[in-house]
Amino acid sequence: MSEPTGATGATGATGATGATGQDTAPRDRRAVPTATYRLQVTADFPLDDAAAVVDHLAALGVSHAYSSPLLRSAAGSTHGYDTVDHAHIDEARGGRAAFDRFVAALHERGLGLVLDLVPNHMGIADPAEAPWWWDVLRHGRGSAHADAFDIDWEFGGGKVRIPVLGSADDVDKLDVVDGELRYYDNRFPLAPGTEGGTPQEVHARQHYELVDWRRADAELNYRRFFAINTLAGLRAEDPDVFAATHALVQELVADGAVDGLRIDHPDGLADPRGYLERLAALSGGRWTVVEKILEPGEDLPEGWATAGTTGYDALTEVDQVLVDPAGEAAMTALDTELTGAPVDYARLVHDCKREVTDGILGSEVARLVRVVGELPGIDAEQRTEALAELLASFDVYRSYLPDGRQHLDATVAAVRDRRPDLTAALDALHPVLATAGTEAATRFEQTSGPVMAKGVEDSAYYRWARFVMLNEVGGDPSRFGTTVEEFHAAQARRQEVKPQAMTTLSTHDTKRSEDVRARLAVLAELPTDWAGLVRGLLARHPLPDRPLAHLVWQNLVGAWPLSRERAHAFAEKAAREAGLSTTWTDQDEEFEGRLRSMVDAAFDDERTRAELDAFVARIAGAGWSNSLAQKLLQLTMPGVPDVYQGTELWDHSLVDPDNRRPVDYDLRRRLLARLDEGWIPEVDETGAAKLLVVSRALRARRDSPELFTGYAPVTATGPAAQHLVAFDRGGAVAVATRLPVALAASGWGDTALALPTGAWRDLLTGERLVSDAGGLPADSLLARLPVALLVRA
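For the sequence shown, counting from 1, position 336 maps to 336 in the UniProt record's numbering; every step adds exactly one.
Given below as structure tokens:
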């Protein structure tokens with residue numbers, strides 16, 4: 001079948017489009033992107049490699065590359081979120097010269113650059129790499145950079161506590177070499193005039209104290225990113241700190257090298273609103289999004305200088321509409337059987353968060369207690385318990401006083417009802433924590449987010465295995481699917497409130513890729529069959545932690561086939577994150593050995609491998625259908641769509657670092673060239689059908705933005721109407737299939753899409769279709785692909 005007119009097939013497309021689909025018309029790179037493509041720039045994929053794939057990004061149809069952090073980071077960093085020096089482009093990634101070549105390549109093809117910034121913290125794993133931190137350790141409170149870090153000097157007796165020793169006795173292993181204090185490969189500066197004597201005597205005279213790493217949970221005196229000791233919190237609220245850490249960014253924006261910004265972890269900032277206002281002034285109001293996770297029903301505070309979030313909320317909306325709610329009862333029954341009792345997810349979340357407040361984030365809670373100070377009639381133990389309960393019960397990641405006061409009020413009320421023994425402490429704490437701008441209120445706000453993230457994303461999500469497709473960042477695993485009407489309501493609101501926010505399906509932080517989730521969504525349509533398979537697997541390959549085994553088998557099926565090494569790496573991380581049978585700091589070798597044996601069975605046991613192969617083959621087609629539906633919805637819904645690197649083809653990646661594996665861009669170029677020659681692929685293992693959807697949707701948004709300016713649901717009629725989700729963006733109509741297993745059993749029948757009469761063209765296949773008084777028949781519209789993108793012919 002012939003290719004649609006032009007490379008996009010969009011009638012009346014604006015701008016000149018060449019045979020490869022690259023838009024040659026001049027564009028304002030500083031405008032809101034039409035779409036972005038996320039690149040993980042690393043030492044193994046440096047900036048020159050990024051420049052080499054710009055042709056592919058342009059051919060896909062994005063308007064901007066969206067890069068991971070590029071400022072100088074810790075040696076060996078694979079992600080860039082551990083910036084050690086804000087004044088330089090990271091040399092391991094190519095340095096400034098390679099950055100300039102990358103930007104030149106983007107500009108040559110009319111593309112802009114969105115840069116990821118990390119304002120909340122700095123990498124300090126090797127103090128010698130981080131000049132500010134080195135200076136603080138050398139000069140203490142007298143350092144010119146002492147105010148840049150969030151350090152409680154009084155609690156440390158005037159010293160910074162650094163948890164690097166294997167035990168307290170390891171002080172005896174310190175040495176002084178070349179004017180530095182050494183502990184194995186760790187290097188620390190000496191304060192002026194402190195030389196002489198034994199290494200232990202020298203250590204005692206410094207502005208820092210090297211302590212047993214186990215003390216980090218309770219006795220640190222500097223704010224960290226979550227519980228990562230090697231990431232020290234920065235005081236971006238200080239104008240001088242802001243200016244110094246953003247000077248290079250300001251230069252890059254002013255020079256036209258950077259056209260948009262993505263802000264990492266705004267919840268960690270003392271004053272997110274103020275930060276965004278300063279950033280907007282610095283950038284001239286460039287398009288900016290924030291990595292903010294919204295809980296169901298939560299909105300960003302009004303008036304923030306941002307286009308919106310990076311899209312985890314959109315991810316959840318798309319995922320949920322493709323899940324069959326009818327599967328909930330059977331999946332819950334299986335989970336109850338394997339767990340031994342029904343799981344109260346709300347209680348699980350609370351308990352996981354309490355483990356965090358009482359464990360790895362104990363230092364942050366203890367500092368909050370110190371900041372709150374004495375409360376009449378309330379002892380320190382009561383203050384600690386009340387604060388921990390409030391943090392464990394908070395219903396959002398963070399309130400933004402005064403905007404989010406209702407979240408604090410509701411949490412205080414809920415804890416008071418559950419813990420009447422804490423009433424006096426809660427009544428005393430409430431006004432203290434509700435007073436915006438005070439240190440106590442700010443520090444509580446900065447702490448609630450990490451408690452939520454570590455307790456939910458990194459604990460509860462690995463403990464509750466009912467249906468792991470829903471255990472995704474920004475998701476709500478307790479909600480098992482939504483209706484098409486609910487999806488439409490969410491998109492209408494998105495169009496009204498944040499039409500320029502980012503949308504996404506996969507990121508460097510998602511627990512599993514979009515295509516893994518799309519395949520796993522099929523389990524909700526086949527819960528009985530899945531339960532039978534799982535029972536057999538657990539009978540042959542028992543594991544004491546049955547919920548963990550269920551979680552691992554789901555992920556293996558979602559990513560199958562995968563290498564043994566990838567499977568082992570995921571299972572080990574999942575088990576240690578769950579923290580029930582083994583942990584990162586106290587590994588149970590016997591259990592982990594049994595876990596490895598269970599994973600090995602997927603590869604070595606003939607019956608098990610055959611069953612996995614057969615089951616995956618059975619659900620693969622429905623999974624592909626879900627993947628295409630998922631992708632088309634995300635690319636065409638209100639917002640600025642992002643494509644994570646490599647996901648223009650099938651990508652069955654699991655949690656990081658699995659999702660940062662190399663991408664085969666030559667393969668993607670070859671397949672895209674075939675598509676541009678007129679090839680309409682089958683929906684098969686090549687993934688070319690997904691590439692078709694991605695490229696045609698992105699090109700339509702780039703070349704005909706006027707077709708994507710509104711939002712209106714498009715209804716379906718007939719016996720299979722529930723299997724369609726469709727909407728009109730103002731001229732472009734997206735149509736996607738949902739619940740494909742049940743559809744395969746029933747067929748479309750006389751189901752039709754209620755479109756205005758007349759001729760339409762599908763930008764994906766190039767077909768011309770006619771809608772009459774009865775609408776556009778679904779069986780003819782979706783005969784080739786389970787999705788369509790229609791414009792007037």
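A virtual CB, placed ideally from N, CA and C, is assigned to each residue, including glycine.
Here the C-alpha atom of GLY196 lies approximately 12 Å from the C-alpha atom of ASP175.
In the structure shown, HIS86 adopts extended strand secondary structure according to DSSP, grouped into three states. Looking at the DSSP output, TYR222 shares a beta bridge with ILE151. Shown here, VAL211 sits in a strand according to DSSP, grouped into three states. Here THR483 is exposed: its Cβ has fewer than 16 other Cβ atoms, across all protein chains shown, within 10 Å. Contact fails between the region 657-677 and the region 520-527, because fewer than three Cβ pairs, one in each stretch, are under 8 Å apart. ASN186 is bridged by DSSP to TYR183. The region 480-541 is shown to contain whole alpha helix (DSSP H) runs of 4 or more residues at 484-497, 514-520, 527-540, in chain order. Under the DSSP assignment, PRO431 falls in the alpha helix (DSSP H) whose first and last residues are 423-434.
Cβ neighbours of GLN320 within its own chain (closer than 6 Å, five residues either side excluded): GLY481, THR482.
Shown here for PRO119: same chain residues with a beta carbon closer than 6 Å to its own, the five before and five after excluded, namely ALA236 in chain order. Distance check between ALA453 and each of GLY327, VAL415, GLY474, GLY377 places GLY474 closest, using alpha-carbon atoms only. In the three-state reduction of the DSSP assignment, HIS121 falls in the strand class.
Selection VAL655, PHE570, LEU580 evaluated against ASP545 yields LEU580 as nearest (Cα-Cα). Across the set ARG93, ARG370, GLY404, the C-alpha of ARG370 shows the shortest separation from the C-alpha of ALA218. Across the structure, LEU426 and SER399 are spaced so that their CA atoms are roughly 17 Å apart. Per the C-alpha coordinates, the member of THR737, ASP476, ALA700, VAL356 positioned closest to VAL62 is ALA700. Annotated as distal: VAL643 and VAL683, with beta-carbon spacing of 8 Å or more. The DSSP-derived three-state label of ASN229 is strand. The Cβ-Cβ distance between GLN200 and VAL171 falls below 8 Å.
In the DSSP assignment, LEU60 falls outside any beta strand (DSSP E) and within the unbroken alpha helix (DSSP H) covering 54-60.
For ASP403, there is no enclosing beta strand (DSSP E), since its DSSP letter is neither H nor E. Proximity to HIS265 across LEU422, ALA341, ASP126, TYR81 peaks at TYR81, based on C-alpha coordinates. For HIS64, the enclosing beta strand (DSSP E) has its first and last residue at 64-67. In its chain, beyond the 5 residues on either side, HIS246, VAL249, GLN250, VAL253 have a beta carbon closer than 8 Å to the beta carbon of LEU282. Bridge partners of SER771 according to DSSP: GLY758. By the beta-carbon neighbour count (other beta carbons within 10 angstroms, threshold 16), ARG286 is buried. In summary, GLN587 is exposed, with fewer than 16 beta-carbon neighbours lying within 10 Å of its beta-carbon over all protein chains present. In this chain, the beta strand (DSSP E) harbouring ALA712 covers 712-714.
Excluding sequence positions up to five before and after ASP212, its CB lies within less than 6 Å of the CB of LEU165, SER167, ALA168, all in the same chain and listed in chain order. For the 8 Å CB-CB criterion, LEU422 and GLU385 form a contact.
DSSP lists LEU375 as the bridge partner or partners of ILE378.
Within the same chain, ALA759, ARG761, ALA793 come within 7 Å of ARG768 by CB-CB distance, once the 5 residues on both sides are set aside. Our two residues, LEU753 and THR717, have alpha carbons roughly 7 Å apart in a direct line. For PRO777, the number of other beta carbons within 10 angstroms of its own is at least 16, and it is reported as buried. In the assembly as shown, GLU606 is an exposed residue. Its beta-carbon has fewer than 16 other beta-carbons within 10 Å.
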